[in-house]
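So the structure is just underneath, and the comments pick up after that.
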Amino acid sequence: MAARMGLKQKYHAMTRDLMWDSQEFDMKRVYPLIEKEGIILKDPSRWEDPFRMAYNQYVKVQAEKDLLYHAVRNAFEANEGHAKVVDARWYEGVKAFAIAVQPAEYQAHRLMAYIGRNIPIEAIRFATINQCLDELRHAQIEIKHYAHMSKKIDGLHAYAQTNENLWFNTVTKSFFEDALSAGPFEALVAIAFSFEYVFTNILFLPFATSAAAVGDDNFVAVGKSVQSDESRHMALGMSALKMLLEEDDRNVPIIQRWLDKWYWRAYRIFSVVATLIDYYPRIRPISWKRAFKTYVEDQVFEGLFKDFRKYGIRLPLHAEDSIKEKEHYSHAVMRILNHAKHVNAFRGFRLHPDDYEWLSSEYPDTFERYYAPFFRRMDDHVLAVATPGIPAICTVCQIPLEFPDPDNPTRFWTQYSEYNNKTYMTCSPGCKHIFEQEPHKYAQIWWPAEAYVSGEFGENLPDDLFKYFGFAPEEANEYYSSRDYERWLQYRKQLGLDQIFTGR
Amino acid sequence: METKAAYVGMDLDTSGGDVVEAIIEAVERDNEGVVVEDFTVYKKVKAPGKLLVRRETVEECLGREWEMDSLQLFMSSYFGFISDWDEDQLIIHWENV
């Protein structure tokens, strides 16, 4: 009988030598994509996942996490948690999360399966199988709660249809379809590194802190349960990147190109998160600006990228633009959401005096000067700032083309490129660069405004449009003048909660 | 000593209660220049260039046995490279220091 195995040996025994080379088939046909991207591998078997997670241990840990989450969720739902938050406009933000993030989790599980299938390296396969199941778990725990939310709150009652058809959801869709139609190594860098390592921290840590501040204990638990898997996902991204850089020098320029592209792509998809931190919570424990400084500038640019210099890797091409944009990001995106709030399943809202005060003190150089006048126009009429119809969107990130140039904030940053005798618009130099690397890919964009005019949404507009999206016009627009706000006040009254938060 | 080494560190879920408090105390004992930031639902613990978590020190602080493995229940995030993680210790570091 052998001596008791240590952690390292146990992990090796349970995860290695599980693959075999086929005698009958050409291995190039079994793994048809492995050489397509120009990545050169010499001895990837020396590569390690620092978490050393074997399947039996994985199942045990994850089951505990699920039990814990559902206990909190049940208690929250049974104790009328929705009535007790500081200000229920928060749930408009949770709906934005429901529409943007939940489908992202689901897509990420497909993507991890794709990567694991196509990269025959045992350690990567094990990590991607685990992550594939993680992502499905996240998608499920999130959706379970939306089913309950939809009993009290507008906008989610035809959730699957809204996710499938809402024009705004093309932002998430295009991101993942871009990664799924790339090669497996590019997909790995896109998701495991740019998405997971650089940005998910901001999503689940500051956003969970905000949830705690406004009293949404369910969302705190969602954030924590999801984030508890993220360290493992980050480890996969970091180790995979390091491995690819160390295997062969010829990989370096390829990786740099992917980092340039996917840094900006991930940064743009997280733009809505800036509003979830700075706008939707009535009490904010942290700002986007400070979260970005901590998680991206200090931890990634000053930390990780300094370590990567020795391989010849520099900062992503448009890193500087994102640093400049941090003073503007949440305001510009909230402005976009307010412009389009009459055609979205989550509402915009009027700001209160305490909101103006916080935004001005947190963003002294930009908010009052460039953005407050826009929000004040809603004080007299909630639809004063709505743009008619469906907005024009960026060909790459698919967010409406309304980002200001941070060097000249009264002007839009919109860029133009010519391809096949047609003009394509992008929201920023970052997205323009991405477009021009692969114009044939992005020229296939589904343009919501074009679909509207061509009759794809139906003939009886705008009624058919809402049917297509899966919600009614009353479920859109401004929050404090909505039926949801009235209902929430009634709901509180029934529970004897008649005080409301005034910011003082 | 170099004055401005980039920090490495971990974000620890405060629902870990006394275990997370013991991990933080152990990190403070075993490393120099440790900074702890409180974000209510999690705490960020960081040190310049390198951070060591030792099982023995955590057990001393906690007053009972503890397995290195269970760190992943509370380690919501980290920054730096994990260079070593076994039964006795975890090291997170940057290579350029």
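Sequence order for the protein chains is A and B.
In this text, residue positions in the first sequence follow UniProt numbering: the first is 1, and each later residue adds one.
In this text, residue positions in the second sequence follow UniProt numbering: the first is 1, and each later residue adds one.
All C-beta atoms, glycine included, are put in the ideal place defined by N, C-alpha and C.
Check whether residue i and residue j have beta carbons under 7 Å apart
i: A:Gly81; j: A:Tyr280; result: no
i: B:Lys44; j: B:Tyr7; result: no
i: A:Gly38; j: A:Ile254; result: yes
i: A:Leu259; j: A:Pro184; result: no
i: A:Ala212; j: B:Val27; result: no
i: A:Ala235; j: A:Val220; result: no
i: A:Tyr58; j: A:Pro120; result: no
i: A:Leu203; j: A:Val273; result: yes
i: A:Thr172; j: A:Ala100; result: yes
i: A:Ile313; j: A:Gln227; result: no
i: B:Ile91; j: B:Leu52; result: yes
i: A:Pro391; j: A:Ala472; result: no
i: A:Asp154; j: A:Glu475; result: yes
i: A:Asp217; j: A:Phe76; result: yes
i: B:Glu95; j: A:Asp307; result: yes
i: A:Phe435; j: A:Thr395; result: yes
i: A:Ala266; j: A:Phe195; result: yes
i: A:Ala88; j: A:Trp488; result: yes
Partners in chain A for residue i, counting only beta-carbon separations shorter than 9 Å
i: B:Leu73; result: Val61, Glu64, Lys65, Ser228
i: B:Ile24; result: Correct list: empty, because the minimum Cβ distance to chain A is about 17 Å.
i: residue 104 of chain B; result: Here chain B has residues from 1 to 97 only, and residue 104 of chain B is not among them.
Cβ-based burial, residue i [other Cβ within 10 Å; buried from 16]
i: A:Ala13; result: exposed
i: A:Trp358; result: buried
i: A:Asp49; result: buried
i: B:Thr3; result: Its pLDDT being 48, under 50, B:Thr3 is placed unreliably by the model, and nothing is read from it.
i: B:Gly9; result: buried
i: A:Asp407; result: exposed
i: A:Lys8; result: exposed
i: A:Met1; result: Confidence at A:Met1 is low in this model, with a pLDDT of 43, below 50, so the placement of that residue is unreliable and no value is reported for it.
i: A:Ile124; result: buried
i: B:Arg64; result: exposed
i: A:Tyr371; result: buried
i: A:Phe25; result: exposed
i: A:Gly470; result: buried
i: B:Met1; result: With a pLDDT of 42 at B:Met1, under the threshold of 50, the modelled position of that residue is not reliable, and no figure is offered here.
i: B:Trp66; result: buried
i: A:Ile277; result: buried
i: A:Tyr479; result: buried
i: A:Tyr363; result: buried
i: B:Val35; result: exposed
i: A:Met27; result: exposed
i: B:Val19; result: buried
i: A:Phe457; result: buried
i: A:Met149; result: buried
i: A:Tyr69; result: buried
i: A:Leu383; result: exposed
i: A:Lys289; result: buried
Neighbour list for residue i in chain B, Cβ cutoff strictly below 7 Å
i: A:Asp307; result: Trp94, Glu95, Asn96
i: A:Ser428; result: Correct list: empty, because the minimum Cβ distance to chain B is about 27 Å.
i: A:Ser231; result: Gln72, Met75, Ser76, Ser77, Tyr78
i: A:Met238; result: Phe81
i: A:Ala208; result: Val41
Where residue i meets chain A, residues with beta-carbon distance less than 8 Å
i: B:Glu87; result: Gly6, Leu7
i: B:Asp13; result: Lys224, Gln227, Ser228
Supposed contact pair residue j and residue i - C-beta distance, whole angstroms, cut 8 Å
i: A:Pro400; j: A:Ile336; result: 5 Å
i: A:Asn477; j: A:Arg309; result: The pair is not a contact, with the Cβ atoms about 50 Å apart (cut-off 8 Å).
i: A:Gly223; j: A:Ala192; result: Incorrect: roughly 20 Å between the Cβ atoms, too far for contact.
i: A:Leu111; j: A:Leu67; result: The Cβ separation is near 27 Å, so there is no contact.
i: A:Arg284; j: A:Cys397; result: No, A:Arg284 and A:Cys397 are not in contact; Cβ-Cβ is about 25 Å, not under 8 Å.
i: A:Gly496; j: B:Gly80; result: With 8 Å as the limit, A:Gly496 and B:Gly80 do not qualify as a contact, their Cβ atoms being about 50 Å apart.
i: A:Val86; j: A:Val214; result: 4 Å
i: A:Lys242; j: A:Gln437; result: The pair is not a contact, with the Cβ atoms about 24 Å apart (cut-off 8 Å).
Under 8 Å by beta carbon: chain B residues contacting residue i
i: A:Ala212; result: Thr40, Val41
i: A:Gly303; result: Ala6, Tyr7, Val8, Phe79, Gly80, Trp94
i: A:Gln161; result: Residues of chain B passing the Cβ test: none, with the nearest at roughly 33 Å.
Contacts of residue i in chain A (Cβ-Cβ under 7 Å)
i: B:Ile82; result: Pro50, Ala235
Contacts that residue i makes with chain B (C-beta to C-beta distance below 9 Å)
i: A:Leu245; result: Here the premise fails: no neighbours, minimum Cβ distance about 12 Å.
i: A:Leu205; result: Asp11, Phe39, Val41, Tyr42, Lys44, Ser76, Ser77
What beta strand (DSSP E) runs, 3 residues minimum, are completely inside the segment 170-231 of chain A?
The segment 170-231 of chain A contains no whole beta strand (DSSP E) run of 3 or more residues.
Q. Of all the alpha helix (DSSP H) runs that stay within the bounds of the segment 401-445 of chain A, which reach a length of 4 or more residues?
A. The segment 401-445 of chain A contains these whole alpha helix (DSSP H) runs: 429-437, 439-442.
Exercise. What alpha helix (DSSP H) runs, 4 residues minimum, are completely inside the segment 77-149 of chain A?
Worked result: Listed in chain order, the alpha helix (DSSP H) elements of length 4 or more contained wholly in the segment 77-149 of chain A are 81-84, 90-118.
* Counting only runs that start and end within the segment 337-413 of chain A, where is the beta strand (DSSP E) found for 3 or more residues in a row? -> Complete beta strand (DSSP E) runs here, min 3: 408-412.
Complete runs of the alpha helix (DSSP H) confined to the segment 23-78 of chain B [at least 4 residues]: Segments of the alpha helix (DSSP H) lying fully in the segment 23-78 of chain B: 55-62.
Going residue by residue through the segment 26-69 of chain A, where are the continuous alpha helix (DSSP H) segments of at least 4 residues, counting only ones entirely within it?
Qualifying alpha helix (DSSP H) stretches, in chain order: 27-30.
Item to complete: List in chain order: all unbroken alpha helix (DSSP H) runs of 4+ residues lying wholly within the segment 235-293 of chain A.
Response: Within the segment 235-293 of chain A, the complete alpha helix (DSSP H) runs of at least 4 residues are 251-269, 271-278, 288-292.
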